[in-house]
Amino acid sequence: QVQLVESGGGLVQAGGSLRLSCAASGSTWTIDAMGWYRQAPGKERELAAVISRRGSTSYADSVKGRFTISIDNAKNTVYLQMDTLKPEDTAVYYCTAHVIIEGGRQYWGQGTQVTVSS
2 QVQLVESGGG LVQAGGSLRL SCAASGSTWT IDAMGWYRQA PGKERELAAV ISRRGSTSYA
62 DSVKGRFTIS IDNAKNTVYL QMDTLKPEDT AVYYCTAHVI IEGGRQYWGQ GTQVTVSS
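Residue numbers for the sequence shown follow this note's numbering, beginning at 2 and rising by one.
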């Protein structure tokens with residue numbers, strides 16, 4: 002079992018920055034990748050960024066060049082630095098952790114609200 006706790010959401014003006022954090026606990030040795038999804042009102046949940054334990058990253062086209070994902074393996078914590086925020090980035094952001102056991106299960110955090118005002 003893996004537990005995920007997110008922090009860092011809030012309200013920011015367009016053009017501003019926020020940094021999200023997600024700390025994993027429990028069977029963290031089973032985690033091989035962590036990431037962030039987001040879900041805007043009335044829309045489906047979508048992947049924003051993902052990072053492997055080795056540091057390989059992937060980003061959605063909509064956030065490339067503005068968001069940076071990083072991981073601290075010693076702390077089992079993943080970060081999402083969000084710069085040049087736009088109103089369309091407004092969403093609930095969910096942290097995820099993919100594990101190498103349990104058939105490759107994906108764990109989810111409770112979500113943190115990010116609101117970007119214009």
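Don't be surprised by glycine CBs; every beta carbon is placed ideally from N, CA and C.
Every value quoted in this text rests on a predicted model; they were computed, and no experiment measured them.
From the DSSP secondary-structure annotation, give me the bridge partner or partners of residue i.
i, result
"D73", "T78"
"W1", "Only positions 2 to 119 of the chain appear in the structure, and residue 1 is not among them; the question remains open."
"T113", "Y94"
"S22", "S8 and Y80"
"V13", "V117"
"S59", "V51"
Please report the distance separating the alpha-carbon of residue i from that of residue j.
i, j, result
"W109", "G66", "25 Å"
"R20", "G104", "31 Å"
"S119", "I102", "43 Å"
"Q111", "Q4", "10 Å"
"N77", "A98", "10 Å"
"T116", "D62", "20 Å"
Of the residues the options, which one's Cα is nearest the Cα of residue i?
i, options, result
"A41", "A92, I102, I32 and S71", "A92"
"Q2", "S118, S22 and I32", "I32"
"S1", "D73, G43 and K44", "Since the displayed the chain opens at 2 and closes at 119, residue 1 lies outside it and no answer follows."
"F68", "T78, N77, K44 and G36", "G36"
"S59", "T113, W30 and A34", "A34"
"Q107", "G10, E45 and Y38", "Y38"
*Any contact of the segment 8 to 19 with the segment 81 to 89, i.e. 3+ C-beta pairs under 8 Å?*
yes
*Is the segment 20 to 28 close to the segment 44 to 58, with three or more CB pairs under 8 Å?*
no
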